[in-house]
Amino acid sequence: MKEVLKIFQKNIERNKDAFAASKTHLGTCSYIKHSIDTAGAAPVCQPLRRTPTRFETEEEKNLKDQLEQGVIRPSTSLLASNVVLVRKKDQTVRWCCDFRRLNELTVKCAYPVPRIDMYIDCLSSASIFSCIDLQSGYWQLKVEEKDIPKTAFITKYGLFEYTKMPFGLCNAPATFQCCMELILRGLQWQTVLIYLDHVIIYSFNIDEHFKHLNEVLTRLKNAGLKLKSSK
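Once you know that position 60 of the sequence shown is 60 in full-length UniProt numbering, the rest is easy, because the numbers rise by one and skip nothing.
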């Protein structure tokens, strides 16, 4: 077992650049950008909603963090969606944008996200597994420059827009799945299962597993993506 751990650690060290250095460290994917095709529909501009007092501190902090990470930037867009803040079970706050009206106008992408039961069938005969997650995966994909104004959202601090792909867009899951499958082409359904920003590497013996793990880490690193080091 000690020898196995040493080999595993060498694999990780060899690909240390694939892992985020901190919780705010994001990569930028070189493979694909997210587009928002609204087929020439008129802009959607929502009036500003009042943020509940209990969320004001979190709203300001989230804005500051996203600006510092380069996820958003100030905007002069003609469009505006509202922000929705939700308290999670662990008492942290989930930041969401209400893109429902924008999604209604967006041409839907047909790229498939596989079913969970299809994954279970693949894993049934494997004996060794590794699981890796991307660090805020959506925020590592750029939005097409022409479509950035469509992601604009309004707050009492002003208007902002996403330079990286936000949660809540109807085609975001399809874009992310497509991106990951392009990066790991030839491995999906053979040694790798991809579900959005979650990747399972599966093998039948320890030697081939280290080869598979190294291949996945190398490809993700070369694509400019960053993984959660906590995994």
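For each residue, glycine too, the CB sits at the ideal point set by N, CA and C. All figures in this text were calculated on a predicted structure; none of them were measured in a lab.
Alpha carbon to alpha carbon, how far is Gln91 from Pro47?
Here residue 91 refers to the residue found at position 91 when the sequence shown is read from its first residue. Here residue 47 refers to the residue found at position 47 when the sequence shown is read from its first residue. In a straight line, the C-alpha of Gln91 is about 28 angstroms away from that of Pro47.
Distance between beta carbons of Lys228 and Ala18, contact taken as under 8 angstroms
Translated into the one-based positions of the sequence shown, residue 18 becomes position 18. Translated into the one-based positions of the sequence shown, residue 228 becomes position 228. 11 angstroms between Cβ atoms; not a contact.
Buried or exposed, going by whether 16 or more other CB atoms sit within 10 Å of the CB of Asp117?
The residue you call residue 117 lines up with position 117 of the sequence shown. By the neighbour-count rule (16 or more Cβ atoms within 10 Å), Asp117 is not buried but exposed.
Here's the rule: buried if 16 or more other CB atoms are within 10 angstroms of the residue's CB, otherwise exposed. What is Ile120?
Counting from 1 along the sequence shown, the entry for residue 120 is found at position 120. Exposed.
For Leu182 and Tyr31, I'd like the C-alpha separation in whole angstroms.
Residue numbering aside, residue 182 sits at position 182 when the sequence shown is read from its first letter. Residue numbering aside, residue 31 sits at position 31 when the sequence shown is read from its first letter. Their Cα atoms are separated by approximately 8 angstroms.
What does DSSP give as the partner residues of Cys109 in its beta bridges?
Taking the first residue of the sequence shown as 1, we reach residue 109 at position 109. In the DSSP output, where bridge partners are listed per residue, Cys109 has none listed.
Helix, strand or coil, according to DSSP, for Thr76 in the structure here?
Translated into positions along the sequence shown, residue 76 becomes position 76. Three-state result, Thr76: coil.
Considering Cα atoms alone, identify which of Thr218, Cys170 and Thr24 is closest to Asp98.
Taking the sequence shown and counting its residues from 1, the one referred to as residue 98 is at position 98. Asp98 has its Cα closest to that of Cys170, out of Thr218, Cys170 and Thr24.
For Asp133 versus His198, is the C-beta spacing smaller than 8 angstroms?
Against the sequence shown, residue 133 aligns to sequence position 133. Against the sequence shown, residue 198 aligns to sequence position 198. Taking 8 angstroms as the Cβ cut-off, Asp133 and His198 qualify as a contacting pair.
Distance, Lys142 Cα to Val107 Cα
Residue numbering aside, residue 107 sits at position 107 when the sequence shown is read from its first letter. Residue numbering aside, residue 142 sits at position 142 when the sequence shown is read from its first letter. Approximately 19 angstroms, taken between the alpha carbons.
Go through the stretch 83 to 134 residue by residue and report every complete run of the alpha helix (DSSP H) that reaches 4 residues or more, in order.
100 to 105 and 116 to 123
In whole angstroms, what separates the C-alpha of Gln190 from that of Ser130?
For the purposes of this step, residue 190 is taken as residue 190 along the sequence shown, with counting starting at 1. For the purposes of this step, residue 130 is taken as residue 130 along the sequence shown, with counting starting at 1. For Gln190 and Ser130, the distance between alpha carbons rounds to 14 angstroms.
Using DSSP with H/G/I as helix, E/B as strand and the rest coil, what is His25?
Stepping through the sequence shown from its first residue, residue 25 is reached at position 25. The answer is coil: DSSP assigns His25 none of H, G, I, E or B.
Once the 5 residues before and after Cys122 are set aside, which same chain residues still bring their CB inside 8 angstroms of it?
Indexing the sequence shown from 1 puts residue 122 at position 122. For Cys122, where only same-chain residues beyond five positions count, the Cβ hits under 8 angstroms are Trp189, Leu193 and Tyr202.
Taking 8 angstroms as the limit between beta carbons, can you name the residues of its chain near Ala41, skipping five residues before and five after?
Position 41 of the sequence shown, counted from the start, is the residue given in the question as residue 41. The answer, listed in chain order, is Leu105.
Does the pairing of the stretch 145 to 163 with the stretch 207 to 218 give three or more beta-carbon distances under 8 angstroms?
no
Length-filtered (3 minimum) beta strand (DSSP E) runs lying within the stretch 150 to 190:
153 to 155 and 158 to 162
Looking only at its chain, what residues have a beta carbon closer than 6 angstroms to the beta carbon of Trp139, apart from the 5 residues adjacent to it on each side?
Start at 1 with the first residue of the sequence shown, and residue 139 comes out as number 139. Cβ within range, chain order: Leu26, Val71 and Lys164.
Measure the C-alpha to C-alpha separation of Phe210 and Phe204 and round it to an integer number of angstroms.
Position 210 of the sequence shown, counting from 1, holds the residue named residue 210. Position 204 of the sequence shown, counting from 1, holds the residue named residue 204. Answer to the nearest angstrom: the Cα atoms are 11 angstroms apart.
Whole angstroms is fine: what's the gap from Thr28's alpha carbon to Glu56's?
Locating residue 28 in the sequence shown gives position 28, where the first residue counts as 1. Locating residue 56 in the sequence shown gives position 56, where the first residue counts as 1. Approximately 30 angstroms between the Cα atoms of the pair.
Can Tyr162 and Leu63 be called in contact, C-beta distance under 8 angstroms?
Position 162 of the sequence shown, counted from the first residue, corresponds to residue 162. Position 63 of the sequence shown, counted from the first residue, corresponds to residue 63. Going by C-beta atoms, Tyr162 is not nearer than 8 angstroms to Leu63.
Between Ala174, Asp65, Gly186 and Glu68, which lies nearest to Pro114 when the distance is taken from Cα to Cα?
On the sequence shown, position 114 is the one that residue 114 refers to. The candidate whose alpha carbon is nearest that of Pro114 is Ala174.
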